[in-house]
Amino acid sequence: MRKFLSAKALIGLALVLTVVAVAILSPLFIAPERATQMVMSARLQPPSLAYPLGTDQLGRDLLARVMLGAQTSLMIAVLAVGMSIVLGLPLGIISGYFGGRIDNVLMRIIDALLSFPALLLALTISAVLGPNLQNTIIAIGIAFTPFLARIVRGEALRVVQMPYVEAARAAGTRDGQMILRHILPNIMPALIVQATISLAFAVLAEAALSFLGLGTQPPMASWGLMIQASRQFLDLAPWTALVPGAALAITILGLNLLGDVLRDVLDPRVR
Amino acid sequence: MLDQTPQQPLVSIENLRVEFDGESGPITGVKDVSFTVNPGETVCVVGESGSGKSVTSLSLLRLVEFGGGRIVSGRLWFRPGEGEAIDLAQMPAEKMIDLRGDRIGMIFQEPMTALNPVFTIGRQLTDGLRRHRGLSAAEADARAIELLREVRLPEPEGRLRQYPHELSGGMRQRVVIAMAMACRPQLLIADEPTTALDVTIQAEILGLIKRLKREFGMAVLFITHDMAVVAQLADRVVVMRHGEKVEEGPVERIFADPQADYTKALLASVPKLGEMRGKPAPEPLRIPGAPEPAAPKPASRSETGRAVLSVKGLTTRFPVKGGLMRRVVANVHAVENVSFELGHGETLALVGESGCGKSTTARSILRLVEPTSGDVVMDGQDILGLDAGGLRRARRNMQMVFQDPFASLNPFMRLRKQVAEPILNFDLARGAELEDRIAFLFDRVGLPRDFMRRFPHELSGGQRQRVAIARALSVNPKLIIADEAVSALDVSVQAQVLNLLMELQAEFGLSYLFISHDMAVVERVSHRVGVMYLGRIVEIGSRADIFEDPRHSYTRALLAGVPIADPTKRMLKESIEFKPLPSPVFPVGEVRPAPVYDEVAPGHFVLENE
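Keeping their order, the protein sequence lines are chains A and B.
Counting along the first sequence from 1, when you hit position 253 you're at 420 in the working numbering, and nothing is skipped either side.
Counting along the second sequence from 1, when you hit position 249 you're at 658 in the working numbering, and nothing is skipped either side.
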């Protein structure tokens, strides 16, 4: 318990809670128009009293946009990564645990998927399914699955060779119990680390899809979209990139800290 | 090269204290240790895990700092060449680099990892020579060949271009020694250099260190847990425990008249080869300070009854795949036509060196690896003919205890659950009955009941091995296969676990298949012994047959290699010639001749055809 209340845990928790609170509460207090309203006379304004975080190239309030964008970005990232875990975890465990022909077949499919850049894969899926929020999540989720499955399989292969698995097998443990009691808990640490890193990449992947017109559709705001839009004005108005970038960095930092703590809490050796 | 004033110590450690950063404040690795090493002298630092013996030696090279340790106080006087003594504890880090590998050489425990796999032997041998001695590439190569000759590595010229994986463990350890010797150090620190090696190779390496020490007048600081090695090698002994020096003295005095209780216990816990001579049955070890062990009842081995386990012609081969199509290009003949029987309440030991197939034999019987052919009959049931479900049920009668107690328990599972798992798997008990059974098992293996709620990492190695034994016992098996079950334990703990195994055998009438490389332990615990070499049993018979009348040349070599824990009986030969182990890899379709045994005495069989 002492470990759970460490400074690392508190900071991580505070950061994540703040971001989640912003994502949930912003739409209740800030009118959606604030994020889309264009003021041509106030384009690329640096932070001021009227616009605390400045404005973008169309004169939109960055504070409003970053707060409203939080929901879109977080939702896409969490759901897409969740989907990749739901698909990749069983694939990886089955592949690593049973091995042999099943492993060969599954891994060749995974390898084929891996040979495409994840983004291209997401792009294709998104293009086929049609550009909307739900399909963006599906596209990113599928695109991330092979990476996750590969990591889970590697860990499962490692754990299967451990003497305690052999001991359990000698003690008559069935496959299902073996996976639930012995394999799964021992691959959790690696899974948590991979999942937190994936969240960050998912936010960026959504940005890239949006940039190509296949993700979030303007004028809706998402952090990725904001970062992409800012690239032409980096020298003129660096805050247009810094604001969504900082929001993303804070989120990822919080998730990483929390992921570390979660991993430690689950591991009896460190607790 | 001896110092003119031999009274002047080469190394003088004064009040050394080393701390490590722990989560809640510093942890003391070495509390307050002082001792000296004279030029040309061999000092053995002996102790169990956690005694601080390795930390002390690493401090001398200041390598402890790379492991997160800190030398808090104390002096480490070292006298390089003819000069004044310098305090290594105060040396700047850059100057230490010049000293390491030049004046002080070091040999590590694990020859498999002490060499960098991506560089050639030559490159790794010449690195130190070029750095410390400024030799040219050609000069360094010539010197490297000379060094390999000194450590008796065959065909030294060709070795320089080889990579570590091309050499066997014993050969690698010779290369490591050659590296440590490269600059003619005044002091050689050897940290458990033979622990990972087989006995026959251990004897060779110890003999080599002894010869090098005499030839070059070098001092040796030898770290070990093995009292028998100490007896063979040491001039003086420092006994350590919990970061403190317990006792120090000349080797003869330590063995003949130990003063500290701990030293006495340590000496008593070591099974000594030959001390079971003339005794009819296994006998527990006497541990000072512990209650007198109850003498186990003589095994109720029913001479007429059928064997619990009967193995006939067991053969296990592993395919070696190669080429583009991953076709089988050869087979490793891990177990080759092995046959034996194991009676009720009997212990059969399988001994041999690494790679001889003893572990594979054990795993083949349980079908944790699939045997290629043969018959395994357990309690009248043909194991190799069973389907998956039948095999699962059959395993209830045969359980296994593994070597590494740190890896054979699931780190994420409470101990209660780990012991309960086999019972639940076979649905042998539920509810209150299950709890009673678990409590009984914890009591029986000598663990407090509140350990049930703990996780494996909270226990010591010996305690974990007790949990593993409780887990194996939980389903009331008839046979327990102990695969090097005490090899990873400290000697005092090893003695306790061996006694426990013998007690349980007497109580429950268990049969043991005891896999080990340690001849002294085997002599202690077994009724019958099978000696394995290259996948075959070369000799099998009663304990007395094997230990008092060994007939096969390999059995004799194995027995001759075991260090004797008596400093008055030194048996190390300084000039043992190196002989490489033949390969167990054969082409596909190779048919090995069936073994022919000669029954030299009733029940004592010796392999006739190689």
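For every residue, glycine included, the Cβ atom is placed at its ideal position computed from N, Cα and C.
Exercise. How big is the Cα-Cα spacing for S711/B and K887/B?
Worked result: Because S711/B carries a pLDDT of 49, less than 50, the predicted location of this residue cannot be relied on, and the following value inherits that uncertainty. Approximately 15 angstroms, taken between the alpha carbons.
Exercise. Listed in chain order, which residues of the region 322–341 of chain A have Cβ atoms closer than 9 angstroms to some Cβ of chain B?
Worked result: M329, P330, Y331, V332, E333, A334, A335, R336, A337, A338, G339, T340, R341
Exercise. Going straight from the alpha carbon of A414/A to that of W406/A, what length do you get?
Worked result: 12 angstroms
For this session: Please confirm whether I305/A and L296/A have their CB atoms less than 8 angstroms apart.
Result: yes
Exercise. Taking the runs of the beta strand (DSSP E) that are 3 residues or longer, which of them lie wholly in the region 609–656 of chain B?
Worked result: 628–633, 645–650
Problem set entry | beta strand (DSSP E) segment containing F749/B, residue limits | 736–751
Problem set entry | Member of M207/A, M234/A, Q238/A, Y218/A whose CA lies at the smallest distance from the CA of Q224/A | M207/A
Problem set entry | Partner residues on chain A for D813/B, Cβ-Cβ distance less than 7 angstroms | P330
Exercise. Helix, strand or coil: how does DSSP classify L868/B here?
Worked result: coil
Exercise. The beta strand (DSSP E) spanning R488/B covers which residue range?
Worked result: It is not in any beta strand (DSSP E) - R488/B carries neither H nor E in the DSSP assignment.
Exercise. Nearest-angstrom Cα distance between M627/B and L433/A?
Worked result: 52 angstroms
Problem set entry | Proximity of D600/B and S458/B at Cβ, strictly below 8 angstroms | no
Exercise. If you run the structure through DSSP and keep just helix, strand and coil, what is R509/B?
Worked result: strand
Problem set entry | Where the beta strand (DSSP E) containing N424/B begins and where it ends | 420–431
For this session: Return the first residue and the last residue of the alpha helix (DSSP H) that R542/B is part of.
Result: 530–542
For this session: Could you check if V884/B is buried or exposed, using at least 16 other CB atoms within 10 Å of its CB as the buried criterion?
Result: buried
Exercise. Applying the criterion that 16 or more other CB atoms from any shown protein chain within 10 Å of the CB defines a buried residue, is V272/A buried or exposed?
Worked result: exposed
For this session: Under 8 angstroms between beta-carbons, which chain B residues line up against R232/A? List them in chain order, please.
Result: Within 8 angstroms Cβ-Cβ: nothing; R232/A doesn't reach chain B, min ~44 angstroms.
Exercise. Quick one, which of S925/B, G461/B, E559/B has its alpha-carbon nearest G478/B's?
Worked result: G461/B
Problem set entry | Partner residues on chain A for A816/B, Cβ-Cβ distance less than 8 angstroms | M329, P330, Y331
Problem set entry | Under 8 angstroms from the C-beta of N353/A: neighbouring residues of chain B | N819, P820, F821
For this session: Taking all protein chains shown into account, decide if K688/B is buried (16 or more other Cβ within 10 angstroms of its Cβ) or exposed.
Result: exposed
Problem set entry | Minimum Cβ-Cβ distance from P435/A to chain B less than 8 angstroms | yes
Exercise. Name the residues in the region 215–242 of chain A whose C-beta lies less than 8 angstroms from a C-beta of chain B; which are they?
Worked result: none
Exercise. Along chain B, which residues have their Cβ under 9 angstroms away from the Cβ of R348/A?
Worked result: N819, F821, M822, K826, E830
For this session: Using only alpha-carbon positions, find the residue among E916/B, T725/B, G510/B that is nearest to V585/B.
Result: G510/B
For this session: Quick one: grab the DSSP three-state call for Y264/A.
Result: helix
Exercise. Since F901/B and Q812/B are thought to touch, with beta carbons under 8 angstroms apart, how far apart are those beta carbons, to the nearest angstrom?
Worked result: Rather than Phe, the amino acid found at residue 901/B in this sequence is Ser. Rounded, the Cβ-Cβ distance is 18 angstroms, inconsistent with contact.
Exercise. What do you get for R772/B, buried or exposed, if any count of 16 or more other CB atoms within 10 angstroms of its CB means buried?
Worked result: buried
For this session: Quick one: list the residues of chain A neighbouring H866/B, beta-carbon separation under 8 angstroms, in chain order.
Result: P435, R436
For this session: Quick one: list the residues of chain A neighbouring Q808/B, beta-carbon separation under 8 angstroms, in chain order.
Result: A337, A338
Problem set entry | Beta-carbon separation (whole angstroms), A640/B vs A953/B, contact threshold 8 angstroms | A640/B to A953/B, Cβ: 25 angstroms. No contact.
Problem set entry | Local conformation of I197/A per DSSP, three classes | coil
Exercise. How close, in whole Å, do the beta carbons of G870/B and P814/B come, if the pair is a contact with beta carbons under 8 angstroms?
Worked result: 5 angstroms
For this session: Below 6 angstroms CB to CB, which residues in the same chain sit around L256/A once its five sequence neighbours on both sides are set aside?
Result: V319
Problem set entry | Proximal residues of chain A, C-beta to C-beta of R853/B below 7 angstroms | Residues of chain A passing the Cβ test: none, with the nearest at roughly 17 angstroms.
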